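Student: This is the structure I have questions about; it appears just below.
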Amino acid sequence: MHISRFPRPAAACAAVLGALLLAACTTPPDSGSAGSAAAPQPAAASEPAAAAASAPSSRAAPSRWPAWLHEDCTPASQMDVGPQARYRRPPVIHASWFPDGLRTHVVFRLEVTPQGKLGRLAYLPADTDPRIVTAIMQSLQRWKFRPGMRQGRPVTACFEQPYDLVFPAKTGASADAPSAGSYQN
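As structure tokens, then:
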């Protein structure tokens, strides 16, 4: 069925969800971060990445990431195969949250345990809208992984997952129609 047969809110929602799903399915995670292998610690699903709370609002600076990323993650150069997402669920972020528009870039760094589970995570910039952070974290909690491998054995590994979010401002002419934000990762 053609999208023009749906009411505008449904069409806008379908377009945004389609873009989210397509972007999430086509971009492989970048594996690797500096450090040595160590025992993983599970992430607390309900608490945000407090380790990144003091970071500036500029794009992710390497020195602003928490120390565990450098200490506990196996470097990409030492892995046979980096961690891979087997199942991804796109975040649900509503354009109605940002009637004045929004353009933001947030980078999550994810720890994947040797068991293929999501471990700890951190994000920059720390002043990202909490609704965005919560939506992305809820999405990431449902992801499934293949662990990184080193010499044929699973290891703790980390990778970056960037999100570029663009929601246009509602204008007077189209204020009654919801704006369809775009998402890229």
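Numbering (mature numbering (1 follows the signal peptide of the UniProt record, and there is no 0)), first residue to last: -23 to -1, 1 to 162. The beta carbon of each residue, even a glycine, is placed where N, CA and C say it ideally should be. Keep in mind that this is a model prediction, so the values were computed, not measured.
Can you list, in chain order, the residues of its chain with a C-beta nearer than 6 Å to that of Ala146? Leave out the 5 residues immediately preceding and following it.
Tutor: Counting from one through the sequence shown, the residue named residue 146 turns up at place 169. Counting only Cβ-Cβ distances below 6 Å, and skipping sequence neighbours, we find Asp77 and Gly78.
Student: Per DSSP, which one or two residues make a beta bridge with Val58?
Tutor: Residue 58 sits at position 81 when you count from the first residue of the sequence shown. Secondary-structure assignment with DSSP links Val58 through a beta bridge to Met126.
Student: Rank Met126, Val110, Thr148 and Asp57 by C-alpha distance to the C-alpha of Pro139 and give the top, closest one.
Tutor: Indexing the sequence shown from 1 puts residue 139 at position 162. Of the candidates Met126, Val110, Thr148 and Asp57, the residue whose Cα lies closest to the Cα of Pro139 is Val110.
Student: Do you know offhand how far Gly125's Cα is from Ile70's?
Tutor: Counting from one through the sequence shown, the residue named residue 125 turns up at place 148. Counting from one through the sequence shown, the residue named residue 70 turns up at place 93. Approximately 29 Å, taken between the alpha carbons.
Student: Can you tell me where the alpha helix (DSSP H) holding Thr111 begins and where it ends?
Tutor: For the purposes of this step, residue 111 is taken as residue 134 along the sequence shown, with counting starting at 1. Unbroken alpha helix (DSSP H) run through Thr111: Pro107 to Leu117.
Student: Specify the secondary structure class of Arg66 as computed by DSSP and reduced to three states.
Tutor: To locate residue 66, count along the sequence shown from 1; it is residue 89. Looking at Arg66 - three-state DSSP - the assignment turns out to be coil, as it is neither helix nor strand.
Student: When the Cβ atoms of the segment 56 to 64 are set against those of the segment 96 to 109, are three or more pairs found closer than 8 Å?
Tutor: no
Student: What residue range is occupied by the uninterrupted alpha helix (DSSP H) comprising His47?
Tutor: Position 70 of the sequence shown, counted from the start, is the residue given in the question as residue 47. From DSSP, the alpha helix (DSSP H) with His47 extends over Trp45 to Glu48.
Student: Work out the CA separation of Trp74 and Pro102 for me, nearest whole Å.
Tutor: Position 125 of the sequence shown, counted from the start, is the residue given in the question as residue 102. Position 97 of the sequence shown, counted from the start, is the residue given in the question as residue 74. So the alpha carbons of these two residues sit roughly 19 Å apart.
Student: Per DSSP, what kind of secondary structure is Ala134 in: helix, strand or coil?
Tutor: Within the sequence shown, residue 134 is the residue found at index 157, counting from 1. Three-state DSSP puts Ala134 in a strand.
Student: Just mark Glu88 as buried or exposed, buried being the case when its beta carbon has 16 or more other beta carbons within 10 Å.
Tutor: Start at 1 with the first residue of the sequence shown, and residue 88 comes out as number 111. The residue is buried, with at least 16 neighbouring Cβ atoms inside 10 Å.
Student: Given a cut-off of 7 Å, decide if Thr51 and Arg123 are closer than it, judged by their beta-carbon atoms.
Tutor: Your numbering for residue 123 matches position 146 in the sequence shown. Your numbering for residue 51 matches position 74 in the sequence shown. Cβ distance not < 7 Å, so Arg123 and Thr51 don't count as in contact.
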